[in-house]
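Notes follow the structure.
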Amino acid sequence: MTPFSSPRGLWLTVLGPDALEALPLTGVGWLGVDLQHGVLEVRDLPGLLRVSPVPVLARAGSQDPAHLGRVLDTGVAGVIVPGVGSGEEAAALVSAVRLPPEGRRSTGLTRGVMVGGPQRPLLLPMVETAEGLAAVRDIAGCAGVDGVFVGPYDLSLSLGRPSVVDDELVAAVHRVVSTAREAGVLGGAFSGNRDLDGLLPDLDLVALDTDVTALRRGVADLFG
Ligand code: 3PY
Ligand code: MG
């Protein structure tokens, strides 16, 4: 079950608040702010959060607890954490993301506290390596994890598959999502490819594409 009004999300990699508030976001259930790729930084989150009409998840730049703490301090609805390869790594994320007694995250007079950010943000480790795929049961089953999120592009590289619409890659995505379902947690994925959209399993969260792709399509439609 999607935690938001729609499973379909838009991935932000370059846009700031001025552009965001001009976008027609009807049908967009959530935003994913990408702090790993693109040009956005932790300091861009508050402005985006102020104007976003839908929940904002941040795709963290790393698994570093200090970085995750700074991201969560902004009051995001949750974090999508890249490259998680084992149940131990997932447990370390729970410790970094959860306040005591569940974890060791520190609190303070943060934006999240002042504006009423979530007490318990979503923690969504990414499965996007062969290692993570082999450990998906441990990652999805780790207490404190809310779901797993597939990165098909890194996963295709890691598995040596030629594309994200390759049969084996698509089967791997299905495996991750069915393991999430068995563990009773959310299953999500990034798409970025209209042929992949139709091959994906039923998802609780799907990042359809990036802001840059959406802009490129809009400009091409206007002038094409
Ligand atoms: C991937 O496909 O590897 C991702 O991280 C999506 O952004
Ligand atoms: Mg990736």
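Heads up, the sequence shown is in numbering that gives the first Met the number 0, so the first residue is 0 and it goes up one at a time.
We treat Cβ as the ideally placed atom computed from N, Cα and C, and that holds for glycine.
Bear in mind that the values here come from a model prediction, so they are computed numbers and not experimental data.
Give a yes or no on whether the C-beta atoms belonging to residue i and residue j are separated by under 9 Å.
i: residue 163; j: residue 155; result: yes
i: residue 208; j: residue 10; result: yes
i: residue 131; j: residue 125; result: yes
i: residue 81; j: residue 150; result: yes
i: residue 70; j: residue 19; result: no
i: residue 121; j: residue 185; result: yes
Hey, quick one: how far does the beta strand (DSSP E) through residue i stretch, first residue to last?
i: residue 80; result: 77–80
i: residue 31; result: 29–33
What is the DSSP secondary structure of residue i, counted as helix, strand or coil?
i: residue 2; result: coil
i: residue 200; result: coil
i: residue 45; result: helix
i: residue 133; result: helix
i: residue 195; result: helix
i: residue 188; result: strand
Where does the unbroken alpha helix (DSSP H) through residue i begin, and where does it stop?
i: residue 212; result: 210–222
i: residue 180; result: 166–182
i: residue 15; result: Looking at the DSSP string, residue 15 is not in any alpha helix (DSSP H), and its letter there is neither H nor E.
i: residue 151; result: 151–158
- Could you name the residues, in chain order, whose CB is less than 5 Å away from a heavy atom belonging to ligand 1? 127, 150, 151, 152, 153 and 189
- Message: Extract the residue ranges of the beta strand (DSSP E) inside the region 65–117, only unbroken runs of 3 or more that lie entirely within it.
- Response: 77–80
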